[in-house]
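Here the sequence shown stands for residues 18 to 403, numbered as in the numbering used here. Ideal Cβ placement from N, Cα and C applies to all residues, glycine included. Working notes, beginning with the structure itself.
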Amino acid sequence: MNTIAQPRPAASAPLMGLVLIAAAVGLVVAGGYVLSQLMTVGHSAYNTDSRGIFWGLPIVTYDFFLLSSTGLTMLASAWTVFGLKDFEPIARRALWLSVAALVGGVAALFMELGAPLRAMLLIPTSFQTAAPLFWKVWGVVFYTVALAVLVLKWLAAGAEAQPPRVPAVVAFAAAVFITFVAGTVYGMMAMRPFWFGGEVSLGFIVEALLGGVTFIIIFTHLAHGMDASRFDARTRTLMTGSLAGLFGVLMVAHAFFVASRLVAGLWSNADGMQVWHHLWSRPMFQAELWIGIGVPLLITVLPGLRKSLGLQLVAAVIAIVALFVARYDFVIGGQMVALLKGSWAHGLLQYSPSLTEWAVLATAVFLANLVNALGEKQFALGGPAA
18 MNTIAQPRPA ASAPLMGLVL IAAAVGLVVA GGYVLSQLMT VGHSAYNTDS
68 RGIFWGLPIV TYDFFLLSST GLTMLASAWT VFGLKDFEPI ARRALWLSVA
118 ALVGGVAALF MELGAPLRAM LLIPTSFQTA APLFWKVWGV VFYTVALAVL
168 VLKWLAAGAE AQPPRVPAVV AFAAAVFITF VAGTVYGMMA MRPFWFGGEV
218 SLGFIVEALL GGVTFIIIFT HLAHGMDASR FDARTRTLMT GSLAGLFGVL
268 MVAHAFFVAS RLVAGLWSNA DGMQVWHHLW SRPMFQAELW IGIGVPLLIT
318 VLPGLRKSLG LQLVAAVIAI VALFVARYDF VIGGQMVALL KGSWAHGLLQ
368 YSPSLTEWAV LATAVFLANL VNALGEKQFA LGGPAA
C-alpha cells in the first residue's frame with residue numbers, strides 16, 4: 018500500500034508578512050529621518066568629535082552587521098564548502114541572512130561616511146597595500162560578488178538546487194579574510210592599547226561565528242511563526258544536536274576571550290588601559306558579563322538545557338544583544354583616552370549617541386529585516402525536503 022508523504026509545515030506567511038510591513042514602515046521613518054538630518058545639518062547630527070571619538074554608533078552598527086554576515090556565510094559553508102550534511106537544512110537561510118546583514122551594515126557605513134561613493138572608488142584603487150582597510154575593501158568586493166552568484170545560481174534555482182562549488186569557496190575564504198582583517202584594523206593600533214593585540218583577529222572570528230549561530234536560531238524560529246513544533250525533523254535534529262553544541266563551544270570561547278582581556282586590562286597600568294576600570298564600574302558592563310554572557314553560557318553548556326528549543330532561543334536573543342553591546346564597548350572604549358592630551362582633554366573622553374545615530378542603527382535593522390523577509394517570501398530558504 019502506497020503512503021502519501023506529508024508535506025513539511027510551511028513557514029508562517031502571516032508573520033513574515035507582518036515583519037515585511039513593519040520593516041518597510043520602519044525603514045521609511047528611520048531612514049527618512051537620517052537623510053533629512055544629513056541633508057540639513059550634515060555630520061554635526063552625530064556626537065563624534067575631533068578630540069578622539071571619531072567612530073561612533075554607526076561604525077559599531079557597521080562592524081556588528083558585517084561580522085554577523087561573515088559569520089553566517091561561514092556557517093552556511095559547513096554545507097556548501099565542507100559538505101556536512103547535518104547543516105544542509107539551515108544553509109540556504111544562513112546565506113540569505115548574510116546578504117541581509119551585509120546590506121544593513123553597508124547602509125550604516127554609507128550614512129556615516131561623508132562621501133561614500135568617493136570612498137568606494139578611491140580606497141580599492143589607492144594601492145595603499147600597507148593599510149588593512151585597503152585589503153578589507155577588496156575582500157568585501159570579492160565577498161559581495163560571490164554572494165550574488167550564490168543567490169542567482171543556488172537560492173533562485175529552487176530548493177533542490179546544489180550550491181555551485183567555486184563561488185561557495187570564494188565566499189567562505191572572503192568571509193574568513195574580511196573577519197580576520199577587520200580584527201587586524203584594530204589589533205595593529207599600538208597607539209591605542211585598549212585595541213592593540215594579536216588575539217583580536219581570533220576573537221573577531223569567534224564573535225562572527227557566534228553571531229551567525231544566534232541569528233540563524235532566531236530567524237529559523239521567526240520563519241516558522243515562533244512555533245518550534247513546525248520544524249521538520251532534520252532542522253529539529255540539527256538545532257538540538259550539532260548546532261546546539263557549536264553554540265556552546267562558541268559561548269565558552271567568547272567568555273574566555275572577554276575574561277582574558279578584562280583581567281589583563283584591570284591588571285595593566287599602561288596608559289589607555291584605564292578604560293577597563295571605567296567599564297568594570299558600570300552596571301551595564303556588569304549586566305553584559307553576568308547576564309549577556311553568563312545566562313547563554315549556562316544554557317548552552319548544560320546538555321539538558323541546550324536541547325530545549327525554547328531556552329536555546331532565549332539564549333540566542335540574550336547573546337546577540339550582548340554581542341552588540343560588547344562591540345559598542347570595544348569600538349568606543351578604544352577611543353576614550355585621547356591620543357594628544359592637553360588642557361582640553363582631561364581624563365576619559367565621553368560619548369553618547371545622538372538621536373540621529375540611533376536612527377542609523379534602526380535604519381540598518383529595518384533594512385536587513387526587509388531584505389530577509391523578501392527572501393523568505395521569494396526563495397525556499399528551508400532547504401530541500403528530506
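DSSP three-state assignment for residue i, whether helix, strand or coil
i, result
"Val301", "The question names Val, but residue 301 is Met in the sequence shown. If DSSP states are grouped into helix, strand and coil, Met301 belongs with the helices."
"Arg25", "Residue placement at Arg25 is poorly supported in this model, since its pLDDT is 45, which falls under 50; the coordinates are not used for a value here."
"Trp212", "coil"
"Asp407", "Because the chain is modelled from 18 through 403, residue 407 falls outside the range shown and cannot be assessed."
"Ile70", "coil"
"Pro370", "coil"
"His271", "helix"
"Leu37", "helix"
"Glu177", "coil"
"Ala363", "A small fix is needed here, since residue 363 is His in this sequence, not Ala. DSSP places His363 in coil when its eight states are reduced to three."
"Trp171", "coil"
"Ser143", "coil"
"Pro31", "helix"
"Asn286", "coil"
"Tyr63", "coil"
"Asp249", "coil"
"Ala148", "coil"
"Met256", "helix"
"Ala355", "coil"
"Val58", "coil"
Same chain, Cβ closer than 7 Å to residue i, five either side skipped, listed in chain order
i, result
"Pro313", "Met268, Ala332, Ile335 and Ala336"
"Val189", "The question names Val, but residue 189 in the sequence shown is Phe. Excluding residues within five positions, the ones whose Cβ falls inside 7 Å are Thr90, Met91, Ser94 and Val98."
"Arg209", "Gly289 and Gly351"
"Ala281", "none"
"Thr57", "none"
Assumed close pair residue i, residue j - CB separation to whole angstroms, cut-off 8 Å
i, j, result
"Ala32", "Gly242", "A small fix is needed here, since residue 32 is Leu in this sequence, not Ala. About 5 Å; that satisfies the 8 Å criterion."
"Val217", "Gly204", "4 Å"
"Gly69", "Phe211", "Wrong, their Cβ atoms sit about 12 Å apart, outside the cutoff."
"Gly88", "Leu226", "5 Å"
"Met128", "Leu55", "7 Å"
Close-in-space but distant-in-sequence residues of the same chain around residue i (CB under 6 Å, 5 per side omitted)
i, result
"Phe264", "Val230 and Thr317"
"Ala124", "Ala381 and Leu384"
"Trp72", "Val348"
"Pro379", "Before going further, note that residue 379 is Ala rather than Pro in the sequence given. The residues are Ala47."
"Trp96", "Phe104, Glu105 and Ala108"
"Pro181", "Lys170"
"Ala117", "Ala385, Val388 and Asn389"
"Phe341", "Phe81"
"Ser259", "Asp103"
Same chain only: Cβ atoms within 8 Å of residue i, ignoring 5 sequence neighbours per side
i, result
"Val7", "Absent from the model: residue 7. The displayed extent of the chain is 18 to 403, so no value can be given."
"Leu365", "Gln291, Val292, His295, Met353 and Val354"
"Ile308", "Ile335 and Ala339"
"Tyr345", "Leu74 and Val77"
Short CB-CB distance (under 8 Å) between residue i and chain D
i, result
"Leu255", "No chain D is part of this structure, which consists of one protein chain only."
> Are the region 101–111 and the region 367–381 in contact at 8 Å, needing three or more beta carbon pairs?
Replying inline: A contact between stretches requires three or more CB pairs, one per stretch, nearer than 8 Å, and the region 101–111 fails this requirement with the region 367–381.
>> Report the start-end ranges of each alpha helix (DSSP H) in the region 98–140 that is 4 residues or longer and not cut off at the edges.
In response: Scanning the region 98–140 for uninterrupted alpha helix (DSSP H) segments of 4 residues or longer gives 105–129, listed from N- to C-terminal end.
>> Contact between the region 195–205 and the region 143–159 is defined here as three or more beta-carbon pairs at a separation below 8 Å; is this criterion met?
In response: Yes: at least three Cβ pairs fall under 8 Å.
>> Check whether the region 164–174 and the region 124–144 are in contact - that is, three or more C-beta pairs closer than 8 Å.
In response: Verdict: no, contact absent.
> What residue ranges within the region 182–237 form continuous alpha helix (DSSP H) runs of no fewer than 4 residues, ordered along the chain?
Replying inline: Those alpha helix (DSSP H) runs which fall completely within the region 182–237 and span 4+ residues are 182–204.
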